[in-house]
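Each residue of the sequence shown is one higher than the one before, counting from 184 in the working numbering.
Everything below concerns the one structure shown next.
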Amino acid sequence: MSTTVPNQEAERHNAHEASGTARLPVNIRAVLIPVLVGLMIGGLFVGVFLSAFHDPKPHGLPVAVVAPASVVSTVQSQAAAADNALDVLAYPDRTAALNAVLDRTVLGAFVVGPQGPELLIAGANGPSVTQTLQGAFGAAAQASGKPLNTSDVSPLSSGDSRALSIFYGAFGVVLAAFLFALTSMQIGSALAAGWRALSAAVFAVGIGVVVAVLIQPIFGALPAPFLTTTALVALLALAIAATTAALLKVFGSAGTFIASVLLLVLGNATSTGILPAQFLPGWLEPLAPVLPVGVAVRALRGAAYFANDGLVSGLLILTAWTVGAGLVFTVAARRQLRSQQALDGRHAAVVA
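Here you go:
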């Protein structure tokens with residue numbers, strides 16, 4: 184009797200040790216994977232934003248020049264010598280150049296007229312563009328012996344003195360839509376497709392109205408029409424939420440990482456809410472007119488200041504992101520359902 188009890192206790196102790204050893208790799212993974220994911224996303228976020236904004240320099244910034252051919256040629260040569268910071272385009276007269284600035288075909292215009300040199304700028308493009316153009320054309324004005332007269336033909340709203348409101352507004356919408364999709368996939372995983380669509384629609388309309396109220400009536404930060412702002416913000420939210428949900432459906436937990444990098448990191452870095460796309464590094468610039476947040480920011484800015492520049496294309500591209508992500512989600516969900524039904528059928532056959 185005395186021999187049996189210690190043996191049983193030893194066996195239980197050994198079994199506990201073996202169980203703990205077996206659980207050890209699982210515990211290590213549970214500790215390390217969140218740490219690695221957090222470090223990777225944080226490192227990518229900081230690295231991408233520093234790459235984009237630590238020392239931004241323009242390249243190919245489109246500007247109009249109204250001047251004699253010799254002056255246009257000189258300005259073009261100076262731009263080429265300065266790493267093609269400016270894309271100098273000759274315009275026939277001041278009116279044509281002014282219209283090009285107002286519809287954002289160009290970001291500024293240098294006009295040499297009888298009253299002296301004049302620089303037409305749009306403050307709505309942000310202070311960095313203004314400073315770049317003043318620096319670039321200041322020397323040309325000095326060469327003429329007359330001071331440079333600067334005219335702001337599309338100034339910023341009084342509620343957005345640094346042209347940053349649109350960036351932070353878009354950032355908040357992207358983050359909210361991302362979190363909505365994560366929460367919806369976790370809590371509402373058993374919802375039917377119709378209820379999922381209703382949930383997304385209610386969220387999108389709600390965030391659209393909230394942002395439109397905050398950004399114009401309350402803070403006066405973006406003078407775009409209320410309904411236009413609401414529609415663009417709602418479409419941006421839908422595009423982000425649908426894409427996040429589709430990535431989670433296709434890639435499982437890895438979809439969270441992919442969505443974070445694509446939509447939060449790369450999307451916000453290339454949103455052009457801080458600087459125009461021409462200030463981004465060459466490897467980031469092509470993403471600005473493609474990813475949802477850059478498309479939405481251009482459309483919102485165009486609706487507010489630049490004769491609806493980018494509005495139609497923005498509505499179409501955001502709708503395409505939403506519909507495309509919805510189709511991917513639907514196909515992936517049906518495949519998973521068929522796989523589960525086949526597995527259940529095989530299990531039932533084995534049991535029978």
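Virtual Cβ for every residue (Gly too), placed ideally from N, Cα, C.
In summary, residue 308 is buried, with 16 or more beta-carbon neighbours lying within 10 Å of its beta-carbon over all protein chains present. A direct Cα-Cα distance of roughly 32 Å separates residue 345 from residue 385. Distance from the CA of residue 422 to the CA of residue 354, rounded to the nearest whole angstrom, comes to 14 Å.
For the options 464, 303, 262 and 487, the alpha carbon positioned closest to that of residue 280 is the one of 303. Taking 9 Å as the cut-off, the beta carbon of residue 406 is found no closer than this to the beta carbon of residue 305.
Across the structure, residue 365 and residue 427 are spaced so that their CA atoms are roughly 8 Å apart. In this structure the segment 319-326 lies against the segment 294-302, because at least three pairs of beta carbons, one per stretch, are closer than 8 Å.
At a Cβ-Cβ threshold of 9 Å, residue 349 and residue 404 count as neighbours. Nearest to residue 318 by alpha-carbon distance, out of 276, 269 and 362, is 269. Around the CB of residue 341, fewer than 16 other CB atoms lie within 10 Å, so the residue is classed as exposed. In the structure shown, residue 210 adopts helical secondary structure according to DSSP, grouped into three states. Restricting attention to 443, 480 and 446, the CA atom closest to the CA of residue 460 is found in 480. Taking C-beta atoms as the reference points, residue 239 and residue 462 count as a pair closer than 9 Å.
DSSP places residue 386 inside the alpha helix (DSSP H), whose first and last residues are 376-396. Per the coordinates, the alpha-carbon of residue 394 lies some 25 Å from the alpha-carbon of residue 287.
Distance from the Cα of residue 274 is smallest, within the candidate group 225, 477 and 291, for 291.
Here residue 524 is exposed. Its C-beta has fewer than 16 other C-beta atoms within 10 Å. In this chain, residue 364 is not harboured by any beta strand (DSSP E); it is covered by the alpha helix (DSSP H) spanning 348-370.
Runs of the alpha helix (DSSP H) lying entirely within the segment 289-353, each at least 4 residues long, are 310-327 in chain order. Three or more beta-carbon pairs separated by less than 8 Å link the segment 465-478 to the segment 493-510, which places the two stretches in contact.
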